[in-house]
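Its first residue numbered 1, the sequence shown is counted upward by one per residue in UniProt numbering. All C-beta atoms in this analysis are idealised placements derived from N, C-alpha and C, irrespective of residue type, glycine included. A quick write-up on the structure given underneath.
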Amino acid sequence: MTNDRQKRAERAEQMRKQRDKESKRERNVITLGIIGVVVVLVGLAAFGIQQVSSDNERVSDVIAPESATDDFGITYTPEDAGVAPADLEEEPVEVELYEDLQCPACQQFEALSGQFLKDKVASGEITLTYRPFSFLDERGGSPNDYSKRANNAAVCLLDATDITSFLDFQSFLYANQPTEGRAGPEDEELIELAEPFGASGETFESCVTSGKHIPWIVESKEAGAERGVSGTPTVFIGGEVSEARTPEDLQEAIDDARA
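In structure tokens, the structure reads:
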């Protein structure tokens, strides 16, 4: 597993370097092309009209991931972790996490407490529901809509594999998160990065490149906003907003919710 993680990290680093080279090359081309500014502006106007049309098409149909809940959740349960329902001593406490894969604070939360929460699921103490809240694209967090596209790739992978692979892929994306404000991996790169986690084939690739679940991700954000969510990570424990972020504070909040 250590070698696999190292290879994935090396591949992600190579992709980042390639994107930096491409960005530099694009800037040079733009500088040399200033003489043709009128032509460029006309072309950009035409592209803008086409892009608006394309975006409208992408958000026209809301298609939820196969295992998603009706309230925009992806839930990891003790049963998913191998715990038989008969072995549960108490009803698990519901923990909900609103997240944005481009969000640096979410990356920090994943590094600090992500595995702790998964372990709590495996011990039968909680269920853990992930809710996409991709808001940073709209605030300049990514010039190529990485926030929504990364979440889309993750749930496309969920459709193609299982919840464990989904969680592992999310952890990988957090560990290799692009700097906020810079472009993240394009769809083809996300497809390549997902392959070691078991996702491949035309159905998966089409799901990613077509943005199949992006309309669902957009609606998930809207539903979260109606609930009062305005940023990420936002944690609910036992149905109540919690400021707990460390394993110690999360454990205390879980115990309080069970009391």
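Checklist entry - Mind checking E99: buried by the 16 CB within 10 Å criterion, or exposed? => result For the purposes of this step, residue 99 is identified with residue 99 of the sequence shown, where counting begins at 1. Buried, by the Cβ-count rule.
Checklist entry - Would you say L101 and A150 are within 8 Å of each other, going by their C-beta atoms? => result Walking along the sequence shown from the start, residue 101 turns up at place 101. Walking along the sequence shown from the start, residue 150 turns up at place 150. The answer is yes: Cβ separation under 8 Å.
Checklist entry - Do you know whose CA, among P143, P78, R227, lies nearest F133's CA? => result Stepping through the sequence shown from its first residue, residue 133 is reached at position 133. Comparing Cα positions, the closest option is R227.
Item to check | Endpoints, beta strand (DSSP E) assigned at R131 | outcome: One-based indexing of the sequence shown puts residue 131 at position 131. Note, R131: beta strand (DSSP E), 126 to 132.
Next on the checklist: To the nearest angstrom, how far is the alpha carbon of Q251 from that of E96?
Outcome noted: By 1-based counting over the sequence shown, the position of residue 251 is 251. By 1-based counting over the sequence shown, the position of residue 96 is 96. For Q251 and E96, the distance between alpha carbons rounds to 14 Å.
Next on the checklist: Using the three-state DSSP reduction, which class does T209 fall into: helix, strand or coil?
Outcome noted: Taking the first residue of the sequence shown as position 1, residue 209 is located at position 209. Helix.
Checklist entry - Do the CB positions of F197 and F236 come within less than 8 Å of each other? => result Along the sequence shown, read from residue 1 onward, the residue named residue 197 stands at position 197. Along the sequence shown, read from residue 1 onward, the residue named residue 236 stands at position 236. No, they are not a contact pair.
Item to check | Ranges of the alpha helix (DSSP H) found wholly within the stretch 85 to 119, counting only runs of at least 4 | outcome: 104 to 109
Item to check | Start-to-end residues for the beta strand (DSSP E) that takes in F236 | outcome: What you label residue 236 is simply residue 236 of the sequence shown in a count that begins at 1. 234 to 237 is the span of the beta strand (DSSP E), which, as asked, contains F236.
Item to check | Under the three-state DSSP convention, the category I254 falls into | outcome: The residue given as residue 254 occupies position 254 in the sequence shown. I254 falls in the helix class under three-state DSSP.
Item to check | Supposed close pair N152, K221 - CB separation, criterion 8 Å | outcome: By 1-based counting over the sequence shown, the position of residue 152 is 152. By 1-based counting over the sequence shown, the position of residue 221 is 221. Incorrect: roughly 13 Å between the Cβ atoms, too far for contact.
Checklist entry - Quick one: Cα of A154 to Cα of A160, how far? => result Along the sequence shown, read from residue 1 onward, the residue named residue 154 stands at position 154. Along the sequence shown, read from residue 1 onward, the residue named residue 160 stands at position 160. Each residue's Cα considered, the two are about 10 Å apart.
Checklist entry - S171 lies in the alpha helix (DSSP H); which residues open and close that run? => result Here residue 171 is taken as the residue at index 171 of the sequence shown, counted from 1. Residues 163 to 175.
Next on the checklist: From the DSSP secondary-structure annotation, give me the bridge partner or partners of T75.
Outcome noted: Here residue 75 corresponds to residue number 75 of the sequence shown, with the count starting at 1. DSSP, once it has assigned bridges, lists T129 as partnering T75.
Checklist entry - Applying the criterion that 16 or more other CB atoms from any shown protein chain within 10 Å of the CB defines a buried residue, is P233 buried or exposed? => result As a first step, residue 233 must be located in the sequence shown, where it is residue number 233. Counting Cβ neighbours within 10 Å, P233 comes out buried, since at least 16 surround it.
Next on the checklist: What does DSSP give as the partner residue(s) for V241 in the beta ladder?
Outcome noted: Taking the sequence shown and counting its residues from 1, the one referred to as residue 241 is at position 241. For V241, which the question treats as bridged, DSSP gives the partners F236.
Checklist entry - For L145, which three-state DSSP category applies? => result Start at 1 with the first residue of the sequence shown, and residue 145 comes out as number 145. The question names Leu, yet the displayed sequence has Asp at residue 145. DSSP places D145 in coil when its eight states are reduced to three.
Next on the checklist: Closer than 8 Å is the cut-off here; do at least three beta carbon pairs connect the stretch 60 to 72 with the stretch 110 to 124?
Outcome noted: no
Next on the checklist: Nearest by alpha-carbon distance to K148: which of A183, G114, R258 is it?
Outcome noted: If you number the sequence shown from 1, residue 148 lands on position 148. Answer by Cα proximity: A183.
Checklist entry - Quick one: what does DSSP say D249 is sitting in, helix, strand or coil? => result Here the question's residue 249 lines up with position 249 in the sequence shown. Reduced to three states, the DSSP call for D249 is helix.
Item to check | Limits of the unbroken alpha helix (DSSP H) element including G224 | outcome: Mapped onto the sequence shown, residue 224 falls at position 224. Element bounds for G224: 214 to 226.
Checklist entry - Cβ of E94 within 8 Å of Cβ of G124? => result Numbered from its first residue, the sequence shown carries residue 94 at position 94. Numbered from its first residue, the sequence shown carries residue 124 at position 124. Cβ atoms of E94 and G124: not closer than 8 Å.
Item to check | Proximity winner among L136, F135, K120, D137, relative to T129 (alpha-carbon distances) | outcome: Translated into the one-based positions of the sequence shown, residue 129 becomes position 129. Among L136, F135, K120, D137, the Cα nearest to that of T129 belongs to K120.
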